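By the numbering used here, the letter at position 130 of the sequence shown is numbered 177, and the numbering carries on one by one without gaps.
Ideal placement from N, C-alpha and C gives every residue a C-beta, glycine not left out.
Quick caveat, the model's predicted, so the values are computed rather than measured.
So the structure is just underneath, and the comments pick up after that.
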Amino acid sequence: MKSKPGLIIASLIVANFMAQLMQTMLNTALPQMMQDLGISANRAQWLITVYLLVTGITIPVTGFLIRSYTTRTLFFVSVGAFTTGTLLAGFSADFSFILAGRAIQGVGTGLLVPLFMNTMILVFPKEKIGAAMGLSSLVVGLAPALGPTISGLVIQHHSWRVLFYGVAPITITNLVVAYFCLKNVGEIEKAKLDRRSILYSTLGFGGLLYGFSIVGEQGVNARLSWSIIAVGLIMVFLFVKRQFKLVVPLLDFNVFRYPRFTYPSIIGVILYIVMAGAELLLPIYAQNVRGLMPRESGLLLFPGALLMGLFGWLSGKIYDRFGLRLLIRAGFLFIVAVILLLTLTLTVHMSYSLLVVIYALLMVGMGFMLTPITAFAVASLPSPISTYASPMTTAIRFLGMSMGGALLITMMTFTADASLAVFPVNMLEGIHAAFWALTAAAAVGFFLTFFIPFASVQPQVPESRQASY
């Protein structure tokens with residue numbers, strides 16, 4: 048089975064690509080949807096928020112589900128849910144049903160992303176894990192950046208519903224093909240689902256994601272958003288504490304006993320925050336500061352997305368041959384230099400072509416870094432506990448990107464409002480402040496690379512867990 052991993056993961060790649068695509072595809076379509084459905088901007092934004100919120104709530108449960116159900120079962124449930132949500136959103140005339148469709152899509156995505164990563168870890172041998180993560184970078188890097196570009200081209204001539212109509216046939220065809228091609232991988236074990244963990248996880252991760260999603264709207268002084276965040280933090284603490292008491296937890300936090308997993312995972316979160324932050328801020332700069340059309344702002348990211356996918360695949364090959372040590376510090380120093388260059392050169396009159404080139408260079412650095420750092424982290428865990436690697440890294444990265452994005456928007460808005468300059472210069476001041484924060488985050492990530500132990504050290508796992516491994 049390991050000799051032909053492409054036959055096993057092809058359907059997962061297609062499914063995950065479509066899920067990642069739908070994450071950003073509606074960004075450009077919201078103005079048209081507001082006019083067509085007669086809704087406000089705040090209500091329309093919920094079509095984005097609910098997708099991310101439900102995805103983030105679902106991800107922590109996936110580690111348990113992967114250990115308890117077969118690959119085929121989880122695939123058909125996740126893609127089936129995503130397809131159902133797509134059809135419901137596409138054919139509904141009422142906003143509430145469209146919102147429900149997006150939520151159902153989020154359930155499917157929350158199951159798909161960790162399942163995709165975990166399946167690659169299982170079907171590829173450790174000496175080929177870099178190539179596996181390279182395939183993942185094609186999906187993670189290309190699909191979200193393609194979303195606004197495709198959406199901008201489609202809604203220029205068609206209704207926003209065409210976005211859903213176009214995705215549904217692909218996912219349905221994928222289900223049919225997977226019925227004949229997809230094979231089960233890994234071992235399953237029957238364990239009781241801990242309801243208290245589900246409650247803590249839902250309230251904790253959901254509270255954090257929702258709280259940070261509205262903090263940008265309500266401002267840093269809003270009591271409601273910070274109260275929700277505080278409750279979320281308490282619930283996450285109770286969730287983590289609960290997991291250490293369970294023989295078969297939803298998420299096994301013992302993975303952080305392995306420094307070779309912990310430091311790369313933290314660095315990976317920082318990289319994703321920097322990447323997602325740039326993807327979030329540059330379209331705002333293009334449209335609100337430069338006055339460009341949505342289609343032009345979407346095309347701004349496209350070359351960088353292509354290069355990230357290409358160099359992510361190449362860096363996977365390099366990692367499999369030479370390891371992480373060759374890439375890690377030089378690659379991170381390159382990212383720090385490029386994000387600093389972008390921060391210093393971003394002006395009202397900056398050349399569009401220069402902006403495309405600098406962003407593309409940033410994505411080249413991301414491609415070179417994300418694949419090896421992820422491959423190194425998951426390859427550092429022994430096989431029994433590696434099942435939890437994908438849900439854990441996906442959960443913390445998703446949470447990090449959501450919180451980071453909300454804080455960047457809050458920082459941008461606060462700085463812009465405090466600026467005495469006239470619009471759009473005051474907006475540029477806010478964007479500069481957010482990019483300085485990204486530069487600082489990248490510098491912290493570079494500093495953490497010096498703590499990665501390249502020599503393997505196997506920690507002691509509690510005896511109560513060893514039986515479950």
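Asked                                                                                                                                                               : Found
Consider the Cβ of L347: report whether some Cβ of chain D lies at a distance smaller than 9 angstroms.                                                             : The question asks about chain D, but that chain is absent: this structure has only one protein chain.
Run through the segment 329 to 382 for me and flag every whole alpha helix (DSSP H) of 4 or more residues, listed as ranges in chain order.                         : 341 to 369
Leaving out five residues before and five after V314 in sequence, what residues of the same chain have Cβ atoms less than 7 angstroms from its Cβ?                  : A small correction: the amino acid at residue 314 is Ile; Val does not occupy that position in the sequence shown. Taken in chain order, the residues that qualify are I420, G492, L495, T496.
Quick check on H205: does DSSP put it in helix, strand or coil?                                                                                                     : coil
Just the C-alpha distance for L280 and C228, rounded to the nearest angstrom, thanks.                                                                               : 42 angstroms
Assuming L158 and L121 form a contact by the criterion Cβ under 8 angstroms, report the distance between their Cβ atoms to the nearest whole angstrom.              : 6 angstroms
Taking just the CA atoms, how far does V108 sit from L189?                                                                                                          : 26 angstroms
So does the segment 432 to 446 actually touch the segment 408 to 418, counting three or more Cβ pairs closer than 8 angstroms?                                      : no
For the candidate residues Y332, S344, R119, G370, whose alpha-carbon lies nearest to that of T390?                                                                 : Y332
Among the residues of its own chain, which have a CB less than 8 angstroms from the CB of I405, if the five just before and after it don't count?                   : V385, L388, L389, T392
Can you check whether the CB of Q152 is closer than 9 angstroms to the CB of A225?                                                                                  : no
What three-state label does DSSP hand I256 in the structure shown?                                                                                                  : In the sequence under discussion, the amino acid at residue 256 is Leu, which differs from the Ile named in the question. Note: L256 maps to helix in three-state DSSP.
So the candidates are L200, L162, G258, F482; which of them puts its Cα closest to the Cα of T440?                                                                  : L162
By Cβ distance, which residues of its chain are closer than 7 angstroms to A488, with the 5 residues on each side in sequence left out?                             : I317, I320, V321
Applying the criterion that 16 or more other CB atoms from any shown protein chain within 10 Å of the CB defines a buried residue, is S437 buried or exposed?       : buried
By Cβ distance, which residues of its chain are closer than 6 angstroms to T309, with the 5 residues on each side in sequence left out?                             : F303
Can the beta-carbon of S365 be found less than 9 angstroms from the beta-carbon of L374?                                                                            : The question names Ser, yet the displayed sequence has Ile at residue 365. Yes, they are a contact pair.
Given a threshold of 16 other Cβ atoms within 10 Å of its Cβ, counted over all protein chains shown, does G194 qualify as buried or as exposed?                     : buried
Since I believe A136 is in contact with R149 (beta carbons under 8 angstroms), could you give me their beta-carbon distance rounded to a whole number of angstroms? : 6 angstroms
Need the endpoints of the alpha helix (DSSP H) that I145 sits in, please.                                                                                           : 142 to 170
Rounded to the nearest angstrom, what separates V469 and M416 at their Cα positions?                                                                                : Because V469 carries a pLDDT of 49, less than 50, the predicted location of this residue cannot be relied on, and the following value inherits that uncertainty. Using only the alpha carbons, I get a separation of about 39 angstroms.
Look up Y305 in the DSSP assignment and say whether it is helix, strand or coil.                                                                                    : coil
Apart from the five residues on each side of it in sequence, which residues of its chain come closer than 6 angstroms, Cβ to Cβ, to I104?                           : T249, F252, G253
In three-state DSSP terms, what is F323?                                                                                                                            : According to the sequence displayed, residue 323 carries Ala and not Phe. Three-state DSSP puts A323 in a helix.
Have a look at Q290, L68, L454 and flag the residue whose alpha-carbon is nearest the alpha-carbon of L256.                                                         : L454
Assuming contact is defined by CB atoms lying nearer than 9 angstroms, are M80 and T156 in contact in what I supplied?                                              : no
Rounded to the nearest angstrom, what separates G363 and P429 at their Cα positions?                                                                                : 20 angstroms
How would you write the range of the alpha helix (DSSP H) that V232 sits in, first residue to last?                                                                 : Premise fails: V232 is in no alpha helix (DSSP H) and is neither H nor E.
Please report the distance separating the alpha-carbon of Y212 from that of A490.                                                                                   : 43 angstroms
Let me know the secondary structure DSSP gives H479 once reduced to three states.                                                                                   : helix
Using a Cβ-Cβ cut-off of 6 angstroms (strictly less than) and excluding sequence neighbours within five positions of L371, which residues of its own chain qualify? : P419, F423
Flag this pair as yes or no: are the beta carbons of V395 and L475 separated by less than 9 angstroms?                                                              : yes
From P191 to I60, what does the alpha carbon distance come to, in whole angstroms?                                                                                  : 14 angstroms
Given this structure, state the Cα-to-Cα distance separating L210 from L271, to the nearest angstrom.                                                               : 34 angstroms
If we ignore side chains and look at the alpha-carbon of each, how far apart do I168 and Q82 end up?                                                                : 45 angstroms
Note down, in chain order, each residue of its chain lying with its Cβ closer than 6 angstroms to the Cβ of S427, except the 5 sequence neighbours on either side.  : Y305, R307, F308
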